[in-house]
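The structure under discussion appears below in the form of C-alpha cells.
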Amino acid sequence: MKITGVEAIPYAIPYRKPLRFASGEVHAAEHVLVRVHTDAGVTGVAEAPPRPFTYGETQQSIIAVVDRIFAPELVGLKLTDREVMHARMHRTVGNPAAKAAIDMAVWDALGRCLDLPVTELLGGFTDHLRVSHMIGFAPPEKMVAEAEQVRSDYGITTFKVKVGRRPYTLDVAACRALREHFGADVELYVDGNRGWSASESARALREMDDLDLTLAEELCPADDVLGRRWLVQRCPVPFVADESATNPGEVTRELLAGSANALSIKTARTGFTTSHRILAQAEGLGTEVVLGNQIDGQLGTMCSVVFGSAFAATARRAGELSNFLDMSDDLLTEPLQIRDGTLAVRSGPGLGVQIDPDKLAHYRQD
Ligand code: MUC
Ligand code: MG
1 MKITGVEAIP YAIPYRKPLR FASGEVHAAE HVLVRVHTDA GVTGVAEAPP
51 RPFTYGETQQ SIIAVVDRIF APELVGLKLT DREVMHARMH RTVGNPAAKA
101 AIDMAVWDAL GRCLDLPVTE LLGGFTDHLR VSHMIGFAPP EKMVAEAEQV
151 RSDYGITTFK VKVGRRPYTL DVAACRALRE HFGADVELYV DGNRGWSASE
201 SARALREMDD LDLTLAEELC PADDVLGRRW LVQRCPVPFV ADESATNPGE
251 VTRELLAGSA NALSIKTART GFTTSHRILA QAEGLGTEVV LGNQIDGQLG
301 TMCSVVFGSA FAATARRAGE LSNFLDMSDD LLTEPLQIRD GTLAVRSGPG
351 LGVQIDPDKL AHYRQD
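The structure is reproduced here in C-alpha cells:
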C-alpha cells in the first residue's frame with residue numbers, strides 16, 4: 001500500500017447561479033481533483049476548492065504545491081504513514097485546501113485497499129446527516145423564494161443566511177423576511193464572512209433579536225481583536241469561528257481569547273485527520289461545532305458527509321452540504337441525492353463514490 005504518485009487535475013464546472021457573500025462570490029467550480037495512486041493498483045480521490053479570499057490559494061497554486069512539493073515528499077510512503085505525511089506537508093506553511101485534499105484522498109485509498117468505508121474507519125456514528133442550505137446575497141424576496149424552493153424540493157429546513165452587507169439593514173430585512181415567511185418551521189443562522197465591524201454586528205444582532213437565530217458566524221474580522229471579544233460577550237447565541245480558526249493553533253487562540261465560542265469544521269481545509277483533532281479540541285473544551293462548507297462540489301460534499309456522520313458531535317446539527325445544488329454538472333458517476341432534508345453516506349469502500357471518466361475528460365482544463 002505505497003504511494004506511487006499524487007496528481008492534481010484542474011477542472012471547471014459553471015454554476016447555474018453564482019453564490020455571493022461578504023468576502024467574495026463564486027461563479028464556477030474551478031477546483032482541483034487530487035488523485036493518490038498506490039502500488040496496490042488502487043487510487044484515492046478528493047477535491048480541493050481554491051478560496052483565495054480566505055486562504056490565498058488559487059487553482060494554479062494548488063497544482064504547483066502538489067506537483068512540486070507534496071508529491072515528491074509523499075511518493076514511497078505507505079498509506080498508513082499518516083503522521084509522516086503530515087509532518088512533511090507541515091514544513092510548507094499554508095495551502096490548507098491542497099493538504100486537506102491529499103489527506104482525504106489517502107484515506108479514500110486506504111478504505112478502498114481495506115474494503116471498508118472511510119466513515120466507519122473514522123468513527124461510524126451514523127449513516128446520514130441533516131442538511132443546512134446556505135442562502136447568498138440577493139434581494140429579500142429572492143432569498144425567501146430560494147429557501148422555499150429548497151424546502152419544497154429537498155425537505156431542507158435549516159438555512160444559513162449570508163450577511164455582512166452595508167448597510168447592515170439589508171441583511172436584517174432579509175432575515176426578517178425569511179422568518180416572517182416560514183414562521184417557526186425553520187432554523188435560521190447567519191454568517192457575516194467578516195463583512196461588518198463589531199459595532200455594526202452588535203446593532204444588527206440587536207435588531208434581529210426577535211428572529212430566533214441559532215448561531216452567528218464570523219460577523220467581523222478576528223483581527224479586530226478587542227472589538228471582536230466585546231462583540232462575542234454580547235452575542236446572544238454561540239459565535240462561530242470559521243475563517244479565523246482554520247487549524248488547531250488558531251482554534252485554541254480564538255477560543256481561549258474569547259473571540260469565538262463555537263467552531264465551523266470544514267473537511268475542505270483540514271481533511272479528515274486534522275478535522276478529527278479539531279473536533280477533539282472542541283469536545284474537550286465543551287464547544288459546539290458546525291460542519292461547514294467551502295462551496296464544495298459533490299466529491300467534497302461527500303467528504304463532509306463521511307466525516308460528519310462518523311462522530312456524534314458533528315452529526316448533531318445540520319451540516320452545510322447543499323452548495324453543489326447550484327452547479328450545472330458534477331464529476332460523480334452517481335450524483336448525490338438530498339432526500340427529506342438529509343444526505344446519506346454510501347456503503348462502498350473508501351468515500352463510496354466514483355469519478356465519471358467522461359465527465360472528468362469533459363471538464364478538466366489541463
Ligand atoms: C462560509 O461558511 O463562509 C464562503 C467562503 C468560504 O470559504 O466558504 C463559504 C461559506
Ligand atoms: Mg463561514
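When you line the sequence shown up against this note's numbering, it's residues 1 to 366, in that order. Glycine residues also receive a C-beta, built at the ideal position from the N, C-alpha and C atoms.
Taking a C-beta distance under 8 Å as the contact criterion, L79 and A109 qualify as a contact pair. Looking at the DSSP output, S264 shares a beta bridge with V290. The C-beta separation of G341 from I135 comes to about 15 Å, leaving the pair out of contact by the 8 Å criterion. Put simply, the backbone Cα of A198 is about 16 Å away from that of N261. Every alpha helix (DSSP H) of 4 residues or more that sits fully in the segment 199-242 is shown, in chain order, as 225-234. One residue after another in chain order, those with a Cβ under 7 Å from a heavy atom of the ligand MG are D191, N193, E217, E218, D242, E243, S264, G292. A48 carries a strand assignment under DSSP once its states are collapsed to helix, strand and coil.
For the pair N247 and T270, the CB atoms are nearer than the 8 Å cut-off.
Counted as a single uninterrupted DSSP element, the alpha helix (DSSP H) harbouring M85 occupies residues 82-90.
When the Cα atoms are used, P140 and L343 turn out to be separated by approximately 27 Å. In the assembly as shown, Q59 is a buried residue. Its beta-carbon has 16 or more other beta-carbons within 10 Å. Contact between Q365 and D330 fails: their C-beta atoms lie close to 16 Å from each other, not under 8 Å. Spanning the alpha carbons of A282 and L263 requires a straight line of approximately 8 Å.
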